[in-house]
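Asks: One structure, pasted below without further comment.
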Amino acid sequence: MPNVMIRKKEDGGLLFYVAKKDMEETIASVETDTSDAWGGEVELTDGSRWYIDPVSPPPNFPTTLRFKRAEG
Amino acid sequence: MATMTRDETQALIQEVLEVYPEKAKKDRAKHLAVNDQSVEQSKKCITSNRKSQPGVMTVRGCAYAGSKGVVWGPIKDMIHISHGPVGCGQYSRAGRRNYYVGMTGVNTFGTMNFTSDFQEKDIVFGGDKKLAKIVDEIEQLFPLAKGVSVQSECPIGLIGDDIESVSKQKTKEYSKPVIPVRCEGFRGVSQSLGHHIANDAIRDHVVHNRDNDDSFETTPYDVAIIGDYNIGGDAWSSRILLEEMGLRVVAQWSGDGTLSEMELTPKVKLNLIHCYRSMNYISRHMEERYGVPWMEYNLFGPTKIAESLRKIAEFFDETIQANAEKVIAKYQAEYDAIIAKYRPRLEGKKVMLYVGGLRPRHIIGAYEDLGMEVVGTGYEFAHNDDYDRTIKEMGDSTLLYDDVTGYEFEEFTKAIKPDLVGSGIKEKYIFQKMGIPFRQMHSWDYSGPYHGYDGFAIFARDMDMTINNPCWNSMQAPWLKPAAGESEAPMAASA
């Protein structure tokens, strides 16, 4: 369950940064990304998948959220 | 110029790896790569930030070096205690040439060494009392010090001293920050974790100090320079360019920096970060907590300076953008003249770099402005995100080496035969004895500054005087030289 800082990239994409691991990846897709919730399963450009219960209302980035590794 | 092809470079890596035992070979192979600009993510081609192999020569430092030497050390109006045995503090004293202004020993303490000088009894009975006494003495002898940081050396973690409680008590007693930093040398694989720990200590003890204090008058043009350690005056030659653009530089982190500058940084409009590797953590924190955006910039060489100044100006209004153009235009005659003077002497020369955490990619632009080519580069303690940024800067099928060993670096150099090697003091004399021109790119070989337009002039001159130095033609003893004319031979024999 790492703490992940999500921040906006210059081109509008979202970066997924795990301070403990010094891992910085771009988010490829987010399961739920609507005007009233953000979260669900998040896939990164390196292929790994992470999960967070959808946050409502959507958080203002940058922010730190707690993610889980998605199963399977 | 005969540049190497992909296959040739790959073959060279294989050849160099050949001497290692099977296990070491497997590990080292992951740290050496041929650059391929089409690769988006560096971790597919190079591994970084891993423990060095026992038995090989590495030039990495430790967490204490990253915290005391790099991040905290240059903060001039604080006293940084090297808490533990005397050696760590003494051997790292004033070696980094972080210039500063002030009266050393009165209101600034940059080149002084404060240490608790641990003895056997301190290891056995604990050093907390000694630390408390040191802080008392500092308060008495140097009342103008704005704060104290306790930089732990290895034994502190090993014997489990509670520096936090001493610091807390002394902070209360003197109403001055006494900041414990848990940067014991054994933490992590290189100085990189020390940077992170130091950043976290700043986050926990400094950055939020003036959260409820609005007495500082801000302007819409406030910026902070972060991760410029003022080596040979680098931060100063950067700062004047920003000020000419109409920006107000509120803080310098941490070269020539002060504690109050650091406390004021959350109030700026933009954090400008030069050394991404050592200071990105605190920039990320300030972005999240205070909404201060940050950007990386690069002030090596006119091409990159112009690029960076324009990018910085984009964060501000049109006046600043126009000013940025004015600044670039103002210096154009100056740097055009430098390029006209030195480029013909340096055109086509090949350079291999091996530095710490940002210069292996930042300086490439400056060399290219002089018509030189960087054919190999590598970092001591970079992480994947640094290599992501490097791949784009380097030419295709050039050599990348992470945490290169002494043996590998020598072999690569023998095969590639660069005209210049840029690295640190530990490499300097080896390469000079091999007859290869060398510049120290950590300390600018006691020259500098190299940042900004003023720095570029010095950079170009230094590279020229190193590469074109006549001494490189005298590397062979006269009697070993192939006889060019017979007339020279008797003289050599008689000598």
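Just so you know, the protein sequences line up as chains A and B, in that order.
Counting with the numbering used here, you get residues 117 to 188 for the letters of the first sequence.
Counting with the numbering used here, you get residues -16 to 478 for the letters of the second sequence.
No residue lacks a Cβ here, since even glycine has one placed at the ideal position from N, Cα and C.
1) When you compare each of A:163, A:126, A:136 to residue 180 of chain A by their alpha carbons, which one comes out closest?
2) Could you confirm whether any beta carbon from chain A is found closer than 8 angstroms to the beta carbon of residue 366 of chain B?
3) Helix or strand or just coil, what does DSSP make of residue 167 of chain A?
4) Is it a yes or a no for the region 413 to 428 of chain B touching the region 57 to 74 of chain B, going by three-plus beta-carbon pairs under 8 angstroms?
5) Mapping DSSP to helix, strand and coil, what is residue 259 of chain B?
6) Taking residue 159 of chain A as part of the beta strand (DSSP E), name the residues at either end of that continuous run.
7) Would DSSP call residue 185 of chain A helix, strand or coil?
8) Going along chain A, which residues have a C-beta under 7 angstroms from residue 391 of chain B?
9) Tell me the DSSP secondary structure of residue 160 of chain B in three-state form.
10) For a contact meaning CB atoms closer than 9 angstroms, what does residue 24 of chain B contact in chain A?
11) I'd like the span of the beta strand (DSSP E) that includes residue 135 of chain B, first residue to last.
12) For the region 121 to 138 of chain A, list every residue whose C-beta sits within 9 angstroms of some C-beta in chain B, in sequence order.
13) Assuming the contact rule is C-beta atoms closer than 8 angstroms, residue 241 of chain B and residue 119 of chain B should be a hit. Round their C-beta distance to whole Å, please.
14) Got a sec: is the Cβ-Cβ distance from residue 178 of chain A to anything in chain B below 8 angstroms?
15) With 8 angstroms as the threshold, decide whether the Cβ of residue 271 of chain B is near any Cβ in chain C.
16) Three-state secondary structure (DSSP) at residue 169 of chain B?
17) At a Cβ threshold of 8 angstroms, is residue 267 of chain B touching chain A?
18) Output yes if chain A places a C-beta closer than 8 angstroms to the C-beta of residue 264 of chain B; else output no.
19) Can you give me, in chain order, the residues of the region 22 to 48 of chain B that have a beta carbon less than 8 angstroms from any beta carbon in chain A?
20) Do residue 430 of chain B and residue 215 of chain B have their beta-carbon atoms positioned less than 8 angstroms apart in this structure?
21) When the Cα of residue 176 of chain B is compared with those of B:262, B:109, B:156, B:256, which residue comes out closest?
22) Which class does residue 475 of chain B belong to by DSSP, given the choice of helix, strand or coil?
23) Compute the Euclidean distance between the alpha carbons of residue 244 of chain B and residue 372 of chain B, then round it to the nearest angstrom.
24) Grouping DSSP H, G and I as helix and E and B as strand, with all else coil, what is residue -16 of chain B?
25) Could you pull out every residue in the same chain whose Cβ sits closer than 7 angstroms to the Cβ of residue 33 of chain B, ignoring the five residues on either side in sequence?
26) Sorted by chain position, which residues of the same chain lie with C-beta nearer than 7 angstroms to residue 352 of chain B's C-beta, five sequence neighbours on each side aside?
27) Could you tell me the alpha carbon to alpha carbon distance between residue 380 of chain B and residue -11 of chain B, rounded to whole angstroms?
28) In chain order, which continuous runs of the beta strand (DSSP E) of length 3 or greater are located wholly inside the region 325 to 406 of chain B?
29) Along the alpha helix (DSSP H) that carries residue 187 of chain B, what are the first and last residues, could you check?
30) Can you find the residues in the same chain that come closer than 7 angstroms, C-beta to C-beta, to residue 339 of chain B, ignoring five residues on each side of it along the sequence?
31) From residue 317 of chain B to residue 308 of chain B, what distance separates their C-alpha atoms?
32) Rounded to the nearest angstrom, what separates residue 124 of chain A and residue 271 of chain B at their Cα positions?
33) From residue 127 of chain A to residue 24 of chain B, what distance separates their C-alpha atoms?
34) So who's on the other strand from residue 240 of chain B, going by DSSP bridges?
Replies: Well, looking at it:
1) A:136
2) yes
3) strand
4) no
5) helix
6) 154 to 160
7) strand
8) Near residue 391 of chain B there are no residues of chain A at all, since even the closest Cβ is about 24 angstroms away, more than 7 angstroms.
9) coil
10) 141, 161, 162
11) 130 to 135
12) 121, 123, 126, 133, 135, 138
13) Not quite, the Cβ-Cβ distance comes to about 23 angstroms (not below 8 angstroms), so this is no contact.
14) yes
15) In summary, chain C is missing from the structure at hand, where the protein chains are A and B.
16) coil
17) yes
18) yes
19) 23, 24, 26, 32
20) yes
21) B:262
22) In this prediction, residue 475 of chain B scores a pLDDT of 45, lower than 50, which makes its location untrustworthy; the coordinate-derived value is nonetheless stated afterwards. Of the three classes helix, strand and coil, the one that applies to residue 475 of chain B here is helix, per DSSP.
23) 29 angstroms
24) Low local confidence applies: a pLDDT of 43 at residue -16 of chain B is under 50, so the model's placement there is unreliable, with the coordinate-based value given in what follows. In the structure shown, residue -16 of chain B sits in coil (DSSP, three-state: anything other than H, G, I, E or B).
25) 172
26) 284, 285, 286, 322
27) 5 angstroms
28) 333 to 336, 356 to 360, 382 to 384, 403 to 406
29) 174 to 188
30) 362, 363, 364, 425
31) 15 angstroms
32) 11 angstroms
33) 17 angstroms
34) B:58
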